[in-house]
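Following: one structure in structure tokens, then a few remarks.
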Amino acid sequence: MRCDVCGDGEIRSGRKPKVMRRGGRVAVVTDIPVEERPSCGMTWLDGPVARSLDDLFREMLAVDAVAIRP
Ligand SMILES: [Zn+2]
Numbered sequence: 002m003r004c005d006v007c008g009d010g011e012i013r014s015g016r017k018p019k020v021m022r023r024g025g026r027v028a029v030v031t032d033i034p035v036e037e038r039p040s041c042g043m044t045w046l047d048g049p050v051a052r053s054l055d056d057l058f059r060e061m062l063a064v065d066a067v068a069i070r071p
């Protein structure tokens, strides 16, 4: 799969933190496995990772005003 932005095909696995804000609440999840294009800095999530992350953020934002999880 080539990148739409820079046309490069190189992909690297990495880990990134992600922040979600909703209604004055903040949730941070660290060490999320992402696919990364070193050439342009684009990152994106695998389908299953994105879904479980959605669930995790929903759960965190329902309970705590500020939540940080690895
Ligand atoms: Zn790119």
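Just so you know, we're using my numbering here: the sequence shown kicks off at 2 and counts up by one. Where is the CB? At the ideal position from N, CA and C, for every residue including glycine.
- For M61, the enclosing alpha helix (DSSP H) covers residues G48 to V64.
- By the criterion of a C-beta distance shorter than 6 Å, A28 is surrounded in its chain by M21, F58, M61, L62 and A68, once the five residues flanking it on both sides are discounted.
- Taking the Cβ of R13 as the reference point, every heavy atom of ligand 1 lies at 7 Å or farther away.
- These are the residues, in chain order, with a beta carbon less than 6 Å from any non-hydrogen atom of ligand 1: C4, V6, C7, D9, R38, S40, C41 and M43.
- Closest in C-alpha terms to D9, from the list W45, K17, G25 and C41, comes C41.
- Excluding its 5 nearest sequence neighbours in each direction, P71 has C-beta neighbours in its own chain below 6 Å: T31 and D32, listed in chain order.
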